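First up is the structure itself, then whatever we jot down about it.
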Amino acid sequence: MTVATALLAYAALGAFGAPPLLRRGTWSERAPRLAVCLWQAVSLSVLAAAVLAGLALAVPSVPVTTDVAAMLHACVVSLRDSYATPGGALAAGSGLVVVAAVLARVGYCATTGLVRAGRARRDHARKLAILARPAPALGAFVISHDIAAAYCLPGRGRRVVLTTAALEALRPQELAAVLAHERAHLAGRHHLILAGADALARAFPMVRLYGAARSDIARLLELAADDAASRRHPRLSVAAALAVLAGGGPQKVGLAAGGPTSLERMHRLLAPANPLGPARTTAGGALAVLLLVLPMVIAIGPLLGLGHALYCPIPTDAPSPE
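Each residue of the sequence shown is one higher than the one before, counting from 2 in the working numbering.
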């Protein structure tokens, strides 16, 4: 029970305390990919803590010792004593229900989200096959529209789509920067990262962490794609392209270069590049790893107990509980 309480306290602290910390300062703009990793690490860590808390309720912990016979005896005794009382059986059942409910909810939301997104992309791809014309020189498809927009369609047969208005408004260097931005989205499989954040936000809408992660990760992925484009093209060209595409708006089935974050991203690109630096980036990566393993460290006792419970033989002559 103590371990389960510690895990639930850790999950609550991460769910409600992490968003203000991750959004504090401007460090995430200097290292957007690291910020995405930290959002993912916190999200998975909180989820893992909730699942392990349920397992901690269901499985009694067993002290580890070098005396195998004593450890097996302790395994039998702890299992028998835990499940003999109504309170112990109720706690175990509640823990298993929590684990099953959390995993089923996440699995359902992830599956339905991926199926829905895949269906929408296939429908959009069929429309593009009719309305868009290929532009092999650009490695993209062009669709006739009077609003300047550019976006990528991920998934099978992934493609970059430009409107005729965008081709007319963008200068060659700006067009190349836009194409590099969209290809960075495709190469990084950013749609899968967004799908994961969206699944957790839909599974647990009352948890502050997951809603904040979904909105911030979407913004950070755009910054990461901007950085990828600016490594091949001048930052000023990327910023000028964003000014042209700002009115294009986000796409429901793809990732657009324009949209509501364009102004913020333009200001960032107009300033000199200011990366976080290798030392701080390494420290951030180490923090992400720590967040992922911390729930396992807290729950190591019950997990060892689970392993012992699966393999310890229960003597046939052991007295049954009254």
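Each residue gets a CB set at the ideal place from its N, CA and C atoms; glycine is no exception.
This one's a predicted model, so the numbers in the text were calculated from it and none came from an experiment.
- Beta-bridge partners of valine 162 (DSSP): Phe142 and Tyr152.
- Rounded to whole angstroms, glycine 140 and arginine 159 show a C-alpha spacing of 11 angstroms.
- As DSSP reads the structure, arginine 134 sits in a beta bridge with Val143.
- For alanine 177, DSSP assigns no beta-bridge partner whatsoever.
- Serine 263 places its beta carbon 7 angstroms or farther from that of glutamate 175.
- Phenylalanine 205 counts as buried, since at least 16 other C-beta atoms from the protein chains shown sit within 10 angstroms of its C-beta.
- Secondary structure remark: continuous alpha helix (DSSP H) runs of at least 4 residues inside the region 246-290, in chain order: 263-271.
- Taken through DSSP and simplified to helix, strand or coil, leucine 171 comes out as coil.
- In this structure, the alpha-carbon of proline 261 lies about 8 angstroms from that of glycine 248.
- For valine 52, the uninterrupted alpha helix (DSSP H) segment begins and ends at 33-59.
- In the three-state reduction of the DSSP assignment, proline 296 falls in the helix class, which pools H, G and I.
- Per DSSP, valine 4 is one residue of the alpha helix (DSSP H) stretching across 3-23.
- Take the alpha-carbon of leucine 154 and the one of valine 143: they are about 13 angstroms apart.
- Secondary structure note for histidine 234: it is in no alpha helix (DSSP H), with a DSSP letter that is neither H nor E.
- With the rule of 3 Cβ pairs closer than 8 angstroms, the region 273-289 counts as touching the region 31-51.
- Residue environment for glycine 26: exposed (fewer than 16 other C-beta atoms within 10 angstroms of its C-beta).
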